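K.L.:
Residue numbers (this note's numbering), protein chains in the order written: chain H, 16 to 201; chain C, 16 to 201.
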DNA sequence: GGCATCGATGTTAGTGACTAACATTTGAGA
DNA sequence: TCTCAAATGTTAGTCACTAACATCGATGCC
């Protein structure tokens, strides 16, 4: 079907779908990679050709260039933490999220799986470095930049994790509220 | 020797020493648990009786009650982020660090080992929860508390990791400077 | 001293994540 | 149809980690 839809892409999609479904059903730890592969009609080896690890299926880290760009748009004379926070806020507003559910599902799965939490937290590493680099490029000292970026991204993740757990506000609202904390609008 | 020095404690110490030395020499990933155990004159099984995982030897997480207490000492009418940051700052001042070197060695090892970074970041989880709980107890909303605690602890870790990497300031100075960023003393 | 006891360690045998090397299949163009 | 290369399969490992049961070693009691 769809001739040039790239076999690879379809296999990857099948693997990811199968994985999330099985994880949701039986739990992450109780599900083996072999089971996931089998459910996707494929070998374990193939799984690892598409995802570097079992964890990667749940948390993908596509260093968000939108966030970095939005940080760049903030006035450079703001304190680094505020600049980073406002950048993330702007990026989120620019990004039209049509449906909260998928985001919530994945974060929620990670949140309730102890072995996944660290990975989830680390999943923003690339974006964090991008933000820090941007701050440095605009004159912030490296140390201050790294700290500010780490604080903002950690805050964001913490907010999302809490939201996925038991909050029933909209995703957009949660992000705004989370960043308010960082900008210390007491 | 030292009759009642508890065999268990000595074994644990030997294991930890052997581990850190081997990790330092050959790298974390290239060192197997079996090698560590052997170097400590003990079995792999015994290693796991003392440390829950290979990672735990490097990053121990003793939920710092000092920090939580110090947060409690901050005026409750401050914005949560500032309150948390000042708490951490105070705790660090109260804590007399005699020698930076050991701290630096461990953080540095974790920093230059990709597979350890997530764990290192997660190693403050217990403290983070403690701080959040303290904030909630004093009237902060749970969401805001969780976010503030996460931001501050992440900032602290980021500062330490950078310091261990290439900064040669004193540990105390780095902590102060790191927290300055969070308190947005522009 | 001899003996019981219990914690610390050893042994054995596994599971499951991940990797390397080589073989096979599948699909698209010549 | 033939060809080539990418995608997948096969096989055979290593290593982190666990469970069950066996042994050892110091300590207290007689």
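Ideal Cβ positions, reconstructed from N, Cα and C, are used throughout, including at glycine.
Note that this is a predicted model, so its numbers are computed, not measured.
#1: Between residue 136(H) and chain C, is any beta-carbon pair separated by less than 8 Å?
#2: Assess contact between the segment 77-88 of chain C and the segment 35-51 of chain C, defined as three or more Cβ pairs (one per stretch) separated by less than 8 Å. Is contact present?
#3: Should the segment 109-121 of chain H be regarded as contacting the segment 147-154 of chain H, the criterion being three or more beta carbon pairs within less than 8 Å?
#4: Does residue 183(C) pass the burial test, meaning 16 or more other C-beta atoms within 10 Å, or should it be called exposed?
#5: Could you say which of 55(H), 23(H), 21(H), 22(H) lies nearest to residue 35(H) if we only look at CA atoms?
#6: Mind checking if residue 187(H) is an interface residue toward chain C, Cβ cutoff 8 Å exclusive?
#7: Compare the Cα-Cα distances from residue 94(H) to each of 167(H), 74(H), 142(H) and report the closest residue.
#8: Here's a check: name, in chain order, each residue in its chain whose Cβ is nearer than 8 Å to the Cβ of residue 123(H), leaving out the five neighbours to either side.
#9: Touch check for the segment 131-139 of chain C and the segment 120-136 of chain H: three-plus C-beta pairs under 8 Å?
#10: List, in chain order, every chain H residue whose beta-carbon is nearer than 8 Å to that of residue 177(C).
#11: Is it right to say residue 42(H) is buried, meaning 16 or more other beta carbons lie within 10 angstroms of its own, or is it exposed?
#12: Taking 8 Å as the cut-off, decide whether the C-beta atoms of residue 162(H) and residue 107(H) are in contact.
#13: DSSP on residue 22(H), reduced to helix/strand/coil?
#14: Can you check whether the C-beta of residue 80(H) is within less than 8 Å of a C-beta belonging to chain C?
#15: Report yes if the CB atom of residue 196(C) is closer than 8 Å to the CB atom of residue 198(H), and no otherwise.
#16: Throw me the rounded Cβ distance for the residue 187(C) and residue 112(C) pair, which I believe falls under 8 Å.
#17: Measuring straight from C-alpha to C-alpha, what distance separates residue 193(C) and residue 59(H)?
#18: In whole angstroms, what is the alpha-carbon distance linking residue 174(C) and residue 155(H)?
P.N.:
Reading off the structure:
#1: Taking the first residue of the first chain as 1, we reach residue 136(H) at position 121. It does: the Cβ of residue 136(H) has a partner Cβ on chain C nearer than 8 Å.
#2: no
#3: no
#4: On the second chain, position 168 is the one that residue 183(C) refers to. Exposed, since its Cβ has fewer than 16 Cβ neighbours within 10 Å.
#5: Locating residue 35(H) in the first chain gives position 20, where the first residue counts as 1. That would be 55(H), whose Cα lies nearest to the Cα of residue 35(H).
#6: Walking along the first chain from the start, residue 187(H) turns up at place 172. It does not; no Cβ of chain C falls within 8 Å.
#7: Taking the first chain and counting its residues from 1, one reaches residue 94(H) at position 79. Closest by alpha carbon: 167(H).
#8: Counting from 1 along the first chain, the entry for residue 123(H) is found at position 108. Closer than 8 Å at Cβ, skipping near neighbours: 179, 180.
#9: yes
#10: Position 162 of the second chain, counted from the start, is the residue given in the question as residue 177(C). In chain order: 157, 158, 161, 162.
#11: If you number the first chain from 1, residue 42(H) lands on position 27. Its Cβ having fewer than 16 others within 10 Å, residue 42(H) is exposed.
#12: What you label residue 162(H) is simply residue 147 of the first chain in a count that begins at 1. What you label residue 107(H) is simply residue 92 of the first chain in a count that begins at 1. Against a cut-off of 8 Å, the Cβ pair of residue 107(H) and residue 162(H) comes out as no contact.
#13: Counting from 1 along the first chain, the entry for residue 22(H) is found at position 7. Residue 22(H): helix per DSSP, three-state reduction.
#14: Position 65 of the first chain holds residue 80(H). Output row for residue 80(H): interface = no.
#15: In the second chain, the residue the question calls residue 196(C) occupies position 181. In the first chain, the residue the question calls residue 198(H) occupies position 183. Against a cut-off of 8 Å, the Cβ pair of residue 198(H) and residue 196(C) comes out as no contact.
#16: Start at 1 with the first residue of the second chain, and residue 187(C) comes out as number 172. Start at 1 with the first residue of the second chain, and residue 112(C) comes out as number 97. Yes, residue 187(C) and residue 112(C) are in contact; Cβ-Cβ is about 7 Å, under 8 Å.
#17: As a working note, residue 193(C) is residue 178 in the second chain. As a working note, residue 59(H) is residue 44 in the first chain. The alpha-carbon atoms of residue 193(C) and residue 59(H) are separated by roughly 45 Å.
#18: For the purposes of this step, residue 174(C) is identified with residue 159 of the second chain, where counting begins at 1. For the purposes of this step, residue 155(H) is identified with residue 140 of the first chain, where counting begins at 1. Looking at the two C-alpha atoms, the distance is approximately 14 Å.
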